[in-house]
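Participant:
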Amino acid sequence: MAAVYAAIDDVMRLGRKLTAEEQELAEALLPVASAKLSLIAKKHGKSIALMSAADPEFALAVKETIARAVIRAVNAAADNSPAATQASQAAMGYSISMSYLNAGQQLYYLRNELKDLGLLRQRWGALEVYGNDNSD
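Using the numbering used here, the first residue of the sequence shown is number 98, and each one after it goes up by one.
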């Protein structure tokens, strides 16, 4: 079994109070969220377990990141409709269009959260277009 980097108490402390049903869902999502973050780190050649053991501040940041992702998933699975990030309306012909924050109701990490943990970095590179022939 993979390591779980956050507990249900962390989710409730960093997020909001949960109902019994939401708490059960959050407890089921915590190992999935931890495993998903570990896989993202492995993909970038890093180990969340080693980095957390070496740096307590990093461990707190990991705990907060996982708690936020779980809260997003729990909020999306709630009975009330998910928050809209964009909406537009028209009048006479009646048209409405909305973009939802988490329409798929899935567990995900934001790019800025992964950048804060040092898992995503800006990459740069150069390409020699004309070759490098120094035979003059």
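Virtual Cβ for every residue (Gly too), placed ideally from N, Cα, C. Computed from a prediction, not measured in an experiment: that's the story for all the values here.
#1: Determine the direct distance from the alpha carbon of residue 226 to that of residue 109, and round the result to whole angstroms.
#2: What separation, rounded to the nearest whole angstrom, lies between the Cα atoms of residue 144 and residue 207?
#3: Using CA coordinates, which residue listed in 149, 172 and 186 is at the minimum distance from residue 113?
#4: In the DSSP assignment, the alpha helix (DSSP H) including residue 162 goes from what residue to what residue?
#5: Using DSSP with H/G/I as helix, E/B as strand and the rest coil, what is residue 103?
#6: Across which residues does DSSP place residue 184 in a beta bridge pair?
#7: Taking its Cβ as the centre, do 16 or more other Cβ atoms sit within 10 Å of residue 100, making it buried, or is it exposed?
#8: Assuming residue 136 is part of the alpha helix (DSSP H), what are its boundary residues?
Facilitator: Reading it off the structure:
#1: 54 angstroms
#2: 19 angstroms
#3: 172
#4: 153-174
#5: coil
#6: 195
#7: exposed
#8: 117-140
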